[in-house]
Amino acid sequence: MTSEQNEKRQSFEKEAVIHMDSLHRTALRMTRNEDDASDLVQEAMVKAYRFWDKYEEGSNARAWLYKIMTNIFINNYRSKSRAPQTVAYEDIDDNFLYGQLANLPPTPNPEQEFFARVFDDDVKSAIEELPEDFRVVVVLSFLDGFSYQEIADIAGLNIGTVKSRLHRGRKLLQKSLWDYAKRNGLLPKEEGAFEAADESEK
Numbered sequence: 067m068t069s070e071q072n073e074k075r076q077s078f079e080k081e082a083v084i085h086m087d088s089l090h091r092t093a094l095r096m097t098r099n100e101d102d103a104s105d106l107v108q109e110a111m112v113k114a115y116r117f118w119d120k121y122e123e124g125s126n127a128r129a130w131l132y133k134i135m136t137n138i139f140i141n142n143y144r145s146k147s148r149a150p151q152t153v154a155y156e157d158i159d160d161n162f163l164y165g166q167l168a169n170l171p172p173t174p175n176p177e178q179e180f181f182a183r184v185f186d187d188d189v190k191s192a193i194e195e196l197p198e199d200f201r202v203v204v205v206l207s208f209l210d211g212f213s214y215q216e217i218a219d220i221a222g223l224n225i226g227t228v229k230s231r232l233h234r235g236r237k238l239l240q241k242s243l244w245d246y247a248k249r250n251g252l253l254p255k256e257e258g259a260f261e262a263a264d265e266s267e268k
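Remember, the numbering used here sits 66 above the position in the sequence shown when you count from 1.
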């Protein structure tokens with residue numbers, strides 16, 4: 067291995083490899099399949115290493131890697147899906163969840179009590195069920211913490227589209243989480259009283 071190749075490898079390990087775990091978590095939410103997620107991350111890392119000379123050392127390696135991975139997902143993995151998902155989100159009010167909570171019997175803080183019963187895994191599962199176009203931006207925003215501009219750069223969208231998809235994705239999540247809570251007995255059943263929360267689940 068030449069000194070130049072060794073320097074490239076060391077730089078890649080220092081700035082890129084450290085993000086593999088977070089890339090895999092995001093890939094899993096995008097693909098909803100462990101094997102596909104692993105393949106997606108591996109393909110993204112191979113491509114990133116191949117084009118590492120185009121990366122400006124010290125800049126935002128995380129966003130650069132996410133852009134590569136998201137582009138691969140959009141171009142390759144989405145083609146594996148069958149008919150595109152469709153959903154009627156226009157009939158979901160912007161404040162659907164809060165409107166539903168307002169209809170519940172009075173409690174000191176119904177919103178807080180509701181979310182105390184909906185756990186991280188439930189939210190992540192709800193995100194995975196979103197239609198793909200919404201799922202990508204929601205994952206990048208809610209789970210990875212990227213800004214509107216970063217998501218736009220990563221996904222190749224304009225900021226207006228990012229904001230629109232996040233807004234619609236949030237509406238769908240509210241509806242999905244409410245339905246989940248109803249199915250799993252996390253809402254009042256009798257006389258408006260919330261079921262006691264199991265301390266072991268907190």
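Where a beta carbon is used, it is the ideal one built from N, C-alpha and C, also for glycine.
All values derive from a computational prediction rather than experimental measurement.
Closest residue to residue i among the options (Cα-Cα distance)
{"i": "TRP244", "options": "GLN108, VAL204, ASP188 and ARG91", "result": "ASP188"}
{"i": "GLU123", "options": "ASP105, ALA110 and GLU81", "result": "GLU81"}
{"i": "ARG201", "options": "ARG128, GLY226 and LEU94", "result": "LEU94"}
{"i": "LEU196", "options": "ILE217, GLN215 and ARG234", "result": "ARG234"}
{"i": "GLN215", "options": "ARG236, ILE225 and VAL107", "result": "ILE225"}
{"i": "ALA129", "options": "GLN240, ILE217 and LYS229", "result": "ILE217"}
Spatial distance of residue i from residue j (CA atoms)
{"i": "LYS113", "j": "GLN71", "result": "16 Å"}
{"i": "ASP199", "j": "MET96", "result": "10 Å"}
{"i": "SER125", "j": "ILE220", "result": "15 Å"}
{"i": "ASP87", "j": "PHE212", "result": "16 Å"}
{"i": "SER104", "j": "TYR143", "result": "12 Å"}
{"i": "THR227", "j": "THR92", "result": "20 Å"}
{"i": "GLU79", "j": "GLN108", "result": "14 Å"}
{"i": "TYR246", "j": "ASP210", "result": "23 Å"}
{"i": "ARG236", "j": "ASN99", "result": "23 Å"}
{"i": "ARG249", "j": "LYS241", "result": "12 Å"}
{"i": "SER230", "j": "LEU106", "result": "26 Å"}
{"i": "ASP102", "j": "ILE140", "result": "13 Å"}
8 Å Cβ cutoff met for residue i and residue j
{"i": "HIS90", "j": "LEU131", "result": "no"}
{"i": "ILE193", "j": "VAL203", "result": "no"}
Residues near residue i in its chain [Cβ-Cβ closer than 8 Å; skip 5 each side]
{"i": "ASN137", "result": "GLY222"}
{"i": "THR68", "result": "none"}
Cβ-based neighbour list, residue i, same chain, cut-off 6 Å, excluding 5 preceding and 5 following
{"i": "ALA110", "result": "ILE134, MET135 and ILE138"}
{"i": "ALA127", "result": "GLU81 and ALA82"}
{"i": "VAL153", "result": "Reliability fails at VAL153, whose pLDDT of 49 lies under 50, so the model's placement of it is uncertain and no value is given."}
Same chain, Cβ closer than 7 Å to residue i, neighbours up to 5 away in sequence not counted
{"i": "LEU232", "result": "VAL203, VAL204 and SER207"}
{"i": "ARG191", "result": "At residue 191 the sequence reads Ser, which differs from the Arg that was named. Once the five neighbours on either side are set aside, SER191 has no close Cβ partner at all."}
Contact test: residue i Cβ vs the ligand COA heavy atom, cutoff 7 Å
{"i": "ALA114", "result": "With respect to the ligand COA, the structure offers nothing, as it holds no ligand at all."}
Open item on the list: Measuring CB atoms only, is the region 114 to 134 touching the region 74 to 84, in the sense that at least three cross pairs come out at less than 8 Å?
Closed with: yes
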